[in-house]
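Report on the structure given below.
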Amino acid sequence: MSGSGERDPIFSYEDAIFSNEELLDVQHIPSPDRIVGRDEHISKVANVLNPVLFGSPPTNLVIYGKTGTGKSLIARHVVDRLTDEAATEGITVRSARIDCGRRSTETEAVKTLARYFNTENTGVSVPKTGVSTGDYYDRLWSILESECDIAIVVLDEIDKLRSDEILRNLSRAGEDENVTDTYIGIIGVSNKIDYPDTLSERVKSSFRYDDLVFTPYDATELENILQKREDAYVEGVLTDDVIPLCAALSAQEHGDARKAIDIFRHAGRIARDERSKEVSEKHVRAGKKRAEMNRFEELIRGTPTQGKATLLAISLMTQRTDDDTHSTRSVYQAYERIANEIGLDCLSERRVGELLDELDFLNVIRTRRTSRGRGAGMYNEHRLLEDAEVVKQVIVSDSRFSDWSDSAEETL
Ligand SMILES: Nc1ncnc2c1ncn2[C@@H]1O[C@H](COP(=O)(O)OP(=O)(O)O)[C@@H](O)[C@H]1O
Ligand SMILES: [Mg+2]
């Protein structure tokens with residue numbers, strides 16, 4: 001090809017569908033003009049942080065609500081605006097966000113904060129290992145004192161922290177000038193609605209905070225959010241019903257903006273793969289399916305083959321019967337058929353029961369202990385929380401399940 005000037009037709013040089021696909025990336029942080037429909041929440045967070053501008057300590061805040069309701073986005077947005085505003089008043093605000101899903105112990109969280117806030121100017125070192133938790137705190141206090149007047153610490157996914165001691169320690173240090181002169185504002189963000197109830201008594205008695213609930217978006221709000229990112233697409237490729245349908249389909253579940261954006265993006269990708277000139281309703285429906293499959297694949301990535309076989313068993317049971325709950329016994333019978341068919345060692349019913357417990361823990365199924373009636377003992381009933389067809393398709397696409405065919409399913 002070289003020098004001929006001709007391009008190999010199997011590759012394309014133009015994206016006929018997307019002009020700026022990154023706008024729909026999960027990691028993408030939208031610019032302020034693309035944030036819509038959370039004015040009240042923005043002003044509430046601003047109120048809580050406002051004292052900073054008078055040189056006073058901010059109030060702590062716990063934000064909670066379901067996933068995809070804009071909690072992390074709004075927290076970051078307001079903290080950034082505060083930092084800029086404070087700078088014009090000569091007040092140095094620094095902020096850090098800890099992902100407590102990844103840094104789930106107190107030590108890891110404090111260490112991460114200290115390392116994040118540290119600069120060459122502090123004269124403090126923060127080694128990765130070999131330092132006690134208390135020592136990490138001490139280093140953090142001196143770093144903060146030399147680095148800023150106010151520190152805002154966003155503890156995201158705070159419900160994943162194994163211990164809530166860090167709340168107590170950060171809030172006490174922020175109030176005590178003998179520890180550090182820097183005021184510390186804490187913003188805890190949780191996907192669990194009942195998070196404040198789960199705080200330990202010790203923390204409840206010393207950690208003062210306001211709280212703010214993020215309710216799910218309705219279809220109109222989701223539509224507005226998507227409209228602000230319409231320019232991810234080449235002008236004119238979206239048919240009129242695409243955005244309303246993406247919004248409506250996500251609003252039906254629980255108003256999760258992340259899901260809406262995900263469906264919106266997958267619709268475009270499917271249209272592009274088909275070399276379609278436009279994105280239409282059928283692409284949105286297929287996009288929803290693909291988005292669900294991806295999410296589910298992610299969720300069960302670490303599940304071993306035996307667990308997947310168990311899950312396939314329960315999804316087939318769900319599809320074949322009118323019931324949506326199934327006893328361990330009936331799941332086990334379907335599991336045995338599957339294990340035999342694909343050449344998997346057949347585990348005992350007890351072991352499969354344990355695998356079901358793990359799936360319950362993963363939130364893929366819900367297990368309930370039920371009584372057969374007086375004196376008849378207890379047994380477990382399992383219900384699939386995902387769409388059975390999605391589960392089935394994801395599992396049978398795994399190469400270990402290539403021997404499981406529709407005809408095998410008929411014999412179940
Ligand atoms: N009001 C909004 N305007 C624009 N984009 C939003 C809005 N709310 C959420 N998003 C987008 O939806 C996704 C999920 O939001 P996020 O703040 O991470 O949710 P949460 O932390 O509540 O799970 C992100 O990609 C975010 O950019
Ligand atoms: Mg979040």
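Numbering (the UniProt record's numbering), first residue to last: 1 to 412. Backbone N, C-alpha and C fix where the C-beta goes; we use that ideal spot for every residue, glycine too.
Kindly indicate the opening and closing residues of the alpha helix (DSSP H) around residue 258.
257 to 273
Quick check on the burial criterion: 16 or more other C-beta atoms within 10 angstroms. Buried or exposed for residue 1?
Reliability fails at residue 1, whose pLDDT of 48 lies under 50, so the model's placement of it is uncertain and the value that follows must be treated cautiously. With fewer than 16 other Cβ atoms within 10 Å, it is exposed.
Any heavy atom of ligand 2 closer than 6 Å to the beta-carbon of residue 71?
yes
At least 3 beta-carbon pairs within less than 8 Å: the stretch 117 to 125 vs the stretch 142 to 161
yes
Skipping 5 residues on each side, what residues in its chain have a beta carbon closer than 6 Å to that of residue 12?
none
Tell me the rounded alpha-carbon separation between residue 410 and residue 339.
15 Å
Assuming the contact rule is C-beta atoms closer than 8 Å, residue 45 and residue 59 should be a hit. Round their C-beta distance to whole Å, please.
Their Cβ separation, rounded to whole angstroms, is 10 Å, which puts residue 45 and residue 59 out of contact at 8 Å.
C-beta contact flag for residue 97 and residue 114 at 7 Å
no
Report all residues from its chain with a CB closer than 6 Å to the CB of residue 288; omit the five preceding and five following residues, and keep chain order.
249 and 263
As a quick exercise: from 158, 177 and 91, pick the residue whose alpha carbon is nearest that of residue 186.
158
What do you get for residue 55, buried or exposed, if any count of 16 or more other CB atoms within 10 angstroms of its CB means buried?
exposed
Assign residue 308 to one of two classes, buried (16 or more other C-beta atoms within 10 Å of its C-beta) or exposed (fewer than that).
buried
Whole-angstrom distance between residue 167 and residue 193, CA atom to CA atom:
18 Å
Mapping the DSSP letters down to three states, classify residue 345 as helix, strand or coil.
coil
Starting from residue 151, follow the beta strand (DSSP E) in both directions and report where the run begins and ends.
150 to 156
Might you give, ordered along the chain, the residues of its own chain that have their beta carbon closer than 7 Å to the beta carbon of residue 110, omitting 5 neighbours on each side?
133, 136, 137, 140 and 166
At the level of alpha carbons, what is the spacing between residue 292 and residue 68?
15 Å
Skipping 5 residues on each side, what residues in its chain have a beta carbon closer than 7 Å to that of residue 169?
137
If you follow the beta strand (DSSP E) that residue 67 is part of, which residue opens it and which one closes it?
First-last for residue 67: undefined, no H or E at that position.
Roughly how many whole angstroms lie between the Cα atoms of residue 242 and residue 278?
10 Å
Following a CB-centred definition, is residue 268 positioned closer than 6 Å to any heavy atom of ligand 1?
no
Alpha carbon of residue 16 to alpha carbon of residue 77, nearest angstrom
33 Å
Can you look up residue 36 in the DSSP assignment and give me helix, strand or coil?
coil
Alpha carbon of residue 271 to alpha carbon of residue 318, nearest angstrom:
32 Å
Inside the UniProt domain "Cdc6 C-terminal" (311 to 395) only - alpha helix (DSSP H) runs reaching at least 4 residues
328 to 342 and 349 to 361
Going by alpha carbons, who is nearest to residue 332 out of 387, 356, 20 and 28?
356
What do you reckon, are the CB atoms on residue 20 and residue 232 nearer than 7 Å?
yes
Roughly how many angstroms separate the alpha carbons of residue 402 and residue 394, rounded to a whole number?
12 Å
Where do the N-terminal and C-terminal ends of the alpha helix (DSSP H) with residue 187 fall, by residue?
Note, residue 187: premise wrong, no alpha helix (DSSP H); beta strand (DSSP E) at 183 to 190.
Below 7 Å between beta carbons: does that hold for residue 106 and residue 163?
yes
Spatially closest choice to residue 351 from 369, 310, 63 and 223, by CA coordinates
310
Given a cut-off of 7 Å on the beta-carbon distance, is the pair residue 160 and residue 70 in contact?
no
From the DSSP output, which residues share a beta bridge with residue 173?
According to DSSP, which records beta bridges pairwise, residue 173 is partnered with nothing at all.
Cα separation between residue 273 and residue 225?
25 Å
Residues that residue 301 bridges to, as DSSP identifies them:
Paired residue(s): none; residue 301 is not in a bridge.
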